[in-house]
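Engineer: I have a structure I would like to understand better, so I am pasting it below and will then ask my questions one at a time.
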Amino acid sequence: MVFAMVLLRLADWVLYQLLANSCYRAARKMRSYGMLLKSPSLKSSQQHPPLFPNVIKCSLDNREFDTLVCDIHGGLLRTRSFFPYFMLVAFEGGSIFRALLLLLSCPLLWVLDYERELRVMIFITFCGLRLTDIDTVSRAVLPKFFLENLHLQAYEVVASTGSKVVFTSVPRVMVQGFLEGYLKVDKTLGTELHTAGQYYTGLVSHSGLLVKQKALEDYFGDKQPDIGLGGSSLHDHLFISLCKEAYLVNNEENKGHPSSAMTFDKYPKPLVFHDGRLAFLPTPKATVEMLVWLPFGFILSVFRLLIGIVLPYKLAILLGTWSGIDLRVKGLSPASSSAPKKGVLYVCTHRTLLDPVILSTSVAKPLTAVTYSLSKMSELIAPIRTVRLTRQRKQDAETMQRLLSVGDLVVCPEGTTCREPYLLRFSSLFAELSDEIVPVAMNTGVSMFYGTTASGLKFLDPIFFLMNPKPRYHVHILEKLPKELTCGGGRSSFEVANHIQKALGEALGFECTSFTRKDKYMILAGNDGVADEDHKRKKGIYY
Numbered sequence: 021m022v023f024a025m026v027l028l029r030l031a032d033w034v035l036y037q038l039l040a041n042s043c044y045r046a047a048r049k050m051r052s053y054g055m056l057l058k059s060p061s062l063k064s065s066q067q068h069p070p071l072f073p074n075v076i077k078c079s080l081d082n083r084e085f086d087t088l089v090c091d092i093h094g095g096l097l098r099t100r101s102f103f104p105y106f107m108l109v110a111f112e113g114g115s116i117f118r119a120l121l122l123l124l125s126c127p128l129l130w131v132l133d134y135e136r137e138l139r140v141m142i143f144i145t146f147c148g149l150r151l152t153d154i155d156t157v158s159r160a161v162l163p164k165f166f167l168e169n170l171h172l173q174a175y176e177v178v179a180s181t182g183s184k185v186v187f188t189s190v191p192r193v194m195v196q197g198f199l200e201g202y203l204k205v206d207k208t209l210g211t212e213l214h215t216a217g218q219y220y221t222g223l224v225s226h227s228g229l230l231v232k233q234k235a236l237e238d239y240f241g242d243k244q245p246d247i248g249l250g251g252s253s254l255h256d257h258l259f260i261s262l263c264k265e266a267y268l269v270n271n272e273e274n275k276g277h278p279s280s281a282m283t284f285d286k287y288p289k290p291l292v293f294h295d296g297r298l299a300f301l302p303t304p305k306a307t308v309e310m311l312v313w314l315p316f317g318f319i320l321s322v323f324r325l326l327i328g329i330v331l332p333y334k335l336a337i338l339l340g341t342w343s344g345i346d347l348r349v350k351g352l353s354p355a356s357s358s359a360p361k362k363g364v365l366y367v368c369t370h371r372t373l374l375d376p377v378i379l380s381t382s383v384a385k386p387l388t389a390v391t392y393s394l395s396k397m398s399e400l401i402a403p404i405r406t407v408r409l410t411r412q413r414k415q416d417a418e419t420m421q422r423l424l425s426v427g428d429l430v431v432c433p434e435g436t437t438c439r440e441p442y443l444l445r446f447s448s449l450f451a452e453l454s455d456e457i458v459p460v461a462m463n464t465g466v467s468m469f470y471g472t473t474a475s476g477l478k479f480l481d482p483i484f485f486l487m488n489p490k491p492r493y494h495v496h497i498l499e500k501l502p503k504e505l506t507c508g509g510g511r512s513s514f515e516v517a518n519h520i521q522k523a524l525g526e527a528l529g530f531e532c533t534s535f536t537r538k539d540k541y542m543i544l545a546g547n548d549g550v551a552d553e554d555h556k557r558k559k560g561i562y563y
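This is the structure:
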C-alpha cells in the first residue's frame with residue numbers, strides 16, 4: 021500500500037513538472053512569440069524603460085581603484101545562450117555521440133526553466149568525463165571562442181578597473197582559466213561540480229547552482245562593489261542592483277554605436293595557440309549542419325586523398341579544384357640547383373601535415389619531406405617520400421645532407437603547426453646544409469574542421485582538413501635566397517633562419533614570434549611534445 025502511494029506521488033510529480041508545467045511554459049512562449057510576429061510594434065510598446073543605463077555609457081576614466089563584478093554569461097559574452105560552450109566541451113572533451121545526445125536534448129531544454137536547463141546540460145556534458153579532459157578543453161579550446169564572442173564595450177570596462185570578481189551559475193571549471201588567464205580576473209565564483217575519483221558525475225555539488233546575488237553578499241559582506249555589469253534578466257537586475265553603479269550589457273541598444281564585437285587586434289593578449297577540431301561556434305543550427313555534412317564530408321575527404329595519391333599532378337589539381345579545394349599558387353618553381361649533385365631546399369611555413377604534399381603538387385615534381393615524427397597511417401598514404409628525423413642535431417644534419425644529394429627537400433623549421441597568423445621560431449639547422457634555399461609561404465583556411473591537433477589523433481589531421489566543404493591552401497613561392505644572405509655568403513645560421521622567418525612573415529602578413537614547439541605543447545597538452553614509443557602506441561598519438 022505504501023509503495024503504491026509512493027508511485028502515485030511520483031507519477032503526479034512527473035506529470036506536473038515535466039508535462040503540465042513544461043507545456044504551460046512552452047505555450048506561453050509560443051503565445052508571446054506569435055503576438056510579436058503579428059505586431060512588431062507591440063514588443064516595443066510593452067517594454068518598460070530600462071532600470072539601468074547601457075554599458076556604453078559607463079565612463080572608463082579613473083577606474084583603476086574600482087571593484088567590478090559581473091557574470092561571463094550575460095555580462096561579458098555577446099552570445100545569449102551558453103549552449104554552444106557546453107557543446108564544445110561535449111564534442112572536444114567527450115565524443116561526437118555525446119555531442120549528438122546534447123543536441124537531441126534541445127527540445128527539452130527549450131521548455132525547461134533556466135535552472136533545470138543548466139542542470140540537464142551539465143549532466144549530459146560532464147557525466148563520465150575525466151578531470152584532465154575538461155582541464156585540457158578549458159585551457160586549449162574554450163578561450164578562442166570566448167575571445168571571439170567578448171562584448172567589446174563590456175571588456176573595456178573590465179580592463180579599466182583594478183579589482184574584478186566574476187559570479188556565474190555556469191560551471192566554474194569551464195570559465196576560470198579564461199577569466200583569470202586572459203582578463204586578469206582576481207576571483208571566479210561559479211557552480212561547483214561533483215566528482216568521483218578522477219571523473220565527473222554530471223551532478224552539481226551539494227551547494228547547488230550558484231545564486232549570484234547571494235554569493236555577492238556573502239563575498240563582500242557590507243561592502244558595495246563599485247561597478248556591476250549584467251544582462252536583461254531579472255536575476256541580473258537583482259545582482260547588479262547591489263553595486264554603486266550598475267550597467268546593462270544589451271546588444272540591441274548598441275545599434276548606431278560602434279560594433280560590440282571584439283576584433284583580433286584588441287584581444288587582451290595574443291591568441292597564438294589553441295586546440296580542438298571545430299572551427300565554428302556550435303550553436304544548435306550549426307551543429308545540425310555539421311552532423312548532416314559529416315558522412316558527405318568523409319566521402320569527399322577520401323576522394324580528395326585518392327586523387328592526390330593516384331593521379332598526375334595536373335589532373336589532381338583539376339579534380340581537387342572541382343571538388344571544392346581552393347588552391348592558389350603564386351611565384352614560379354625555381355630552376356634546379358646550380359651546385360652539382362645538390363637539390364633545392366624548400367623552407368616552408370607549417371600549417372598542416374599536407375604542406376609538403378601541396379607544395380609538391382604546386383611545383384609539379386616529386387619532393388622529399390623530413391618529419392620529426394609521423395603516424396604510420398600518414399606515412400602509408402603520403403604520395404611523396406617522407407623521412408623521419410631523430411632530434412639529434414648531428415645525425416639529422418647527415419640525413420638531410422644525404423637527401424639533398426639526390427633531390428629536392430622540404431623542411432618546416434617551425435617544427436610544429438600554428439593556426440593563427442603567427443610564425444614560431446625557426447630552427448637554424450637547415451641553414452647549415454645548403455645555400456640553395458627557396459622560402460615558401462603557405463597559408464590555409466577552414467570553415468568547419470581544423471586539420472591540426474595537439475592532443476588528438478594526428479593521422480586524422482589530413483582527413484579532417486579535407487572534410488571541409490571548401491578548404492583553402494595558398495602557396496607563395498618566394499625568390500631563391502641570394503648567395504650573400506646564406507651561410508656560404510658569410511652569414512651565421514641564426515641570421516639566415518631569422519631572415520627567412522621575417523621574409524615569410526611579411527609575405528603572409530603574419531607576426532614573427534620566439535615561441536617554440538615545446539611552448540605550444542606545454543600550453544595545449546601539458547607536455548613537451550615528445551612522447552615515448554609505448555605512449556604513442558597506447559594512445560595512437562604522434563606528435
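Under the working numbering, the sequence shown has 87 at position 67, and the numbering climbs by one with no breaks. The C-beta atom is built at its ideal place from N, Cα and C for all residues, glycine as well.
(1) Going by other Cβ atoms of all chains shown within 10 Å of its Cβ, with 16 needed for buried, is Phe85 buried or exposed?
(2) Reducing DSSP to helix, strand and coil, say where Val140 ends up.
(3) Work out the CA separation of Gly94 and Asn567 for me, nearest whole Å.
(4) On the three-state DSSP scale, how would you describe His494?
(5) Give the range of the alpha helix (DSSP H) segment to which Pro538 is assigned.
(6) Name the DSSP beta bridge partners of Ala461, please?
(7) Whose C-alpha, out of Arg159, Ser125, Arg98, is nearest the C-alpha of Leu544?
(8) Have a look at His519, Pro386, Arg405, Gly228 and flag the residue whose alpha-carbon is nearest the alpha-carbon of Leu394.
(9) Would the region 340-355 and the region 489-500 be scored as touching if the rule is three or more Cβ pairs under 8 Å?
(10) Among Leu453, Ala527, Gly251, which has the Cα closest to the Cα of Arg413?
(11) Should Cys126 go down as buried or exposed, given a rule of 16 or more other Cβ atoms within 10 Å for buried?
(12) Quick one: is Thr156 buried, meaning 16 or more other Cβ sit within 10 Å of its Cβ, or exposed?
(13) Which residues bound the alpha helix (DSSP H) around Tyr105?
(14) Considering only residues of the region 162-229, which uninterrupted alpha helix (DSSP H) runs meet the minimum length of 4 residues and lie entirely inside it, listed in chain order?
(15) Taking three-plus beta-carbon pairs below 8 Å as touching, is the region 221-230 in contact with the region 247-254?
(16) Is DSSP giving Phe72 helix, strand or coil here?
(17) Within 10 Å of its beta-carbon, does Leu209 have 16 or more other beta-carbons around it, so buried, or fewer, so exposed?
(18) Only counting the same chain, and skipping five residues up and downstream in sequence, which positions put a Cβ closer than 6 Å to that of Ala306?
(19) Please state if the CB of Ile327 and the CB of Leu339 are separated by a distance shorter than 8 Å.
(20) How big is the Cα-Cα spacing for Leu151 and Gly471?
(21) Could you tell me whether the region 368-375 touches the region 457-466, where touching means 3 or more Cβ pairs closer than 8 Å?
(22) Helix, strand or coil, according to DSSP, for Ala40 in the structure here?
(23) Here's a check: name, in chain order, each residue in its chain whose Cβ is nearer than 8 Å to the Cβ of Leu80, leaving out the five neighbours to either side.
(24) Name the one or two DSSP bridge partners that Gly248 has.
(25) Rounding to the nearest angstrom, what Cα-Cα distance links Ala523 and Val364 in this structure?
(26) What do you reckon, are the CB atoms on Lys538 and Ala474 nearer than 8 Å?
(27) Which same chain residues, not among the five before or five after Ser321, have their C-beta less than 7 Å away from its C-beta?
(28) Apply the 10 Å Cβ neighbour rule to His214 and answer buried if 16 or more other Cβ atoms are within range, or exposed otherwise.
(29) Where does Val323 sit, in a helix, a strand or coil, going by DSSP?
(30) With a CB to CB cut of under 7 Å and the five nearest residues on each side skipped, what residues in its chain are close to Gly546?
(31) Go to Leu347, then tell me how far its alpha helix (DSSP H) extends in each direction, as first and last residue.
(32) I need the straight-line Cα distance from Ala174 to Leu352, nearest angstrom please.
(33) If we call anything under 8 Å between Cβ atoms a contact, is Val186 one with Glu112?
(34) Please report how far the alpha carbon of Gly525 lies from the alpha carbon of Cys532, in whole angstroms.
(35) State the start and end residues of the unbroken beta strand (DSSP E) segment that holds Tyr366.
Structural biologist: So, to answer that:
(1) exposed
(2) helix
(3) The displayed coordinates of the chain run from 21 to 563. Any statement about residue 567 would go beyond what the structure contains.
(4) strand
(5) In the sequence as presented, Pro is not what sits at residue 538; that position holds Lys. It spans 537-544 - the alpha helix (DSSP H) in which Lys538 sits, taken as one unbroken run.
(6) Answer by DSSP bridge pairing, in chain order: His496.
(7) Arg159
(8) Arg405
(9) Short answer: they touch.
(10) Leu453
(11) Result: exposed.
(12) buried
(13) 103-108
(14) 162-168, 172-180, 192-202
(15) In the pairwise beta carbon analysis, the region 221-230 is classified as not touching the region 247-254: fewer than three pairs are separated by under 8 Å.
(16) coil
(17) buried
(18) Phe300
(19) yes
(20) 26 Å
(21) yes
(22) For Ala40, the predicted structure reports a pLDDT of 45, less than 50, and the residue's modelled location is therefore unreliable. A value from the coordinates is still provided. In this structure, Ala40 counts as helix in the three-state DSSP scheme.
(23) Glu176, Val177, Ser180
(24) When beta bridges are read from the DSSP output, Gly248 appears opposite Val89, Ala266.
(25) 18 Å
(26) no
(27) Ile483, Leu486, Met487
(28) Looking at its Cβ environment, which holds fewer than 16 other Cβ atoms inside 10 Å, His214 is exposed.
(29) The question names Val, but residue 323 is Phe in the sequence shown. DSSP places Phe323 in helix when its eight states are reduced to three.
(30) none
(31) Where Leu347 is concerned, there is no enclosing alpha helix (DSSP H), although the beta strand (DSSP E) it sits in stretches over 346-350.
(32) Between the alpha carbons of Ala174 and Leu352 lies a distance of about 49 Å.
(33) Against a cut-off of 8 Å, the Cβ pair of Glu112 and Val186 comes out as no contact.
(34) Those two C-alpha atoms are separated by around 6 Å.
(35) Counting along the chain, Tyr366 sits inside the beta strand (DSSP E) bounded by residues 365-368.
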